[in-house]
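These notes are about the structure you will find just below.
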Amino acid sequence: MTDPQFLTTETGRKIAYHLTEGKGPGVVFLGGFMSDMGGTKAVYLEEWAKKTGRAFLRFDYSGHGESSGVFTNGCIGEWAADAQAAISTLTEGPQILVGSSMGGWMALLVARAMPEKVAGLVGIAAAPDFTEDSMWGGFDAVQKVEMAETGRVALPSEYGDGPYIITRKLIEDGRENLVLRSPLSLPFPTRFLQGTADADVDTSVAMRLLEHVEGGDVRLTLVKGADHRFSTPECLNLITKTCEKVIARAKF
1 MTDPQFLTTE
11 TGRKIAYHLT
21 EGKGPGVVFL
31 GGFMSDMGGT
41 KAVYLEEWAK
51 KTGRAFLRFD
61 YSGHGESSGV
71 FTNGCIGEWA
81 ADAQAAISTL
91 TEGPQILVGS
101 SMGGWMALLV
111 ARAMPEKVAG
121 LVGIAAAPDF
131 TEDSMWGGFD
141 AVQKVEMAET
151 GRVALPSEYG
161 DGPYIITRKL
171 IEDGRENLVL
181 RSPLSLPFPT
191 RFLQGTADAD
201 VDTSVAMRLL
211 EHVEGGDVRL
221 TLVKGADHRF
231 STPECLNLIT
241 KTCEKVIARA
251 KF
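Position one of the sequence shown corresponds to residue 1 (full-length UniProt numbering), numbered consecutively onward.
This is the structure:
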């Protein structure tokens, strides 16, 4: 594995990334909450891009992976700013955004902030507004009191990497970056992939997202039995096939 390169943003955060040169439109992978660019989907997509001669970018948000910063100091708005900085600085022309879980929310925020840089979008178990709808909405009275008194709540993780520390900053900043409460235009090929056995993002979230966004080329594919990781050989193949279809329909 080669060492990453680093981009220093205007805010001084150092963003670790791997960039593959190739033809456009390039593909940008946006990872999930507490995930990093070394995950199965990101690496698989990079290998696919290299085989097909496609430009490809994967990176770590601040506080994730090899980028600078502490995870618990971060928030949705800062991570979206990291994504925008990486895309605007490191890529040429409109890109195909591939967002996994929280990365799906990031992709939607990028599309809203800089639509001229987006030629298409693929969401994988996309989790828009999860800090409000899933986290805060799922807190009981005791947890809400704990958040008010200590500024944080620990949630168990099913992925073996310790509890998730949810901060007041994360919740409050998340409210400033919601995408399901106001019109959201996606005027380019958009595909959402969702597993029916996903224990983290319910199928109802995918349906709500599908109904909410505005666009003439938006589709949702449900995969029976697929979980949140969406990383079986069949799911990985579906991701690349979906990217190829979006690229074929994209205007750039």
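Positions of the beta carbon are idealized from the N, C-alpha and C atoms, including for glycine.
query                                                                                                                                                                       : result
Can you grab the Cα-Cα spacing for the pair Leu180 / Glu46, in whole Å?                                                                                                     : 30 angstroms
If you drop the 5 nearest sequence neighbours on each side, which residues of the same chain put their C-beta closer than 8 angstroms to that of Gly215?                    : Ser185, Leu186, Pro187, Phe188, Thr190
Taking the runs of the beta strand (DSSP E) that are 3 residues or longer, which of them lie wholly in the segment 187-223?                                                 : 190-195, 218-223
Go to Arg175, then tell me how far its alpha helix (DSSP H) extends in each direction, as first and last residue.                                                           : 168-175
What first and last residue would you give for the beta strand (DSSP E) that runs through Gly24?                                                                            : 23-30
Among the residues of its own chain, which have a CB less than 7 angstroms from the CB of Gly93, if the five just before and after it don't count?                          : Gly24, Pro25, Phe252
Measuring straight from C-alpha to C-alpha, what distance separates Gln95 and Ala141?                                                                                       : 43 angstroms
Taking 8 angstroms as the threshold (C-beta atoms), are Ile76 and Thr11 in contact?                                                                                         : no
Assess contact between the segment 65-81 and the segment 47-54, defined as three or more Cβ pairs (one per stretch) separated by less than 8 angstroms. Is contact present? : no
First and last residue of the alpha helix (DSSP H) that includes Arg181?                                                                                                    : That residue, Arg181, is in no alpha helix (DSSP H); it is neither H nor E in DSSP.
Nearest CA to the CA of Lys41: which residue from Gly174, Ile239, Ile87, Glu244?                                                                                            : Ile239
Going by the DSSP bridge assignment, what does His228 pair with across the sheet?                                                                                           : DSSP lists no partner for His228.
Starting from Arg13, follow the alpha helix (DSSP H) in both directions and report where the run begins and ends.                                                           : No alpha helix (DSSP H) contains Arg13, which DSSP labels as neither H nor E.
Could you check the C-alpha separation between Val28 and Lys144 for me, to the nearest Å?                                                                                   : 36 angstroms
So the candidates are Asp133, Ile87, Gly137; which of them puts its Cα closest to the Cα of Met114?                                                                         : Ile87
With a Cβ-Cβ cutoff of 8 angstroms, do Met106 and Trp79 count as a contact?                                                                                                 : yes
When the Cα of Leu19 is compared with those of Gln5, Arg208, Asn177, Arg13, which residue comes out closest?                                                                : Gln5
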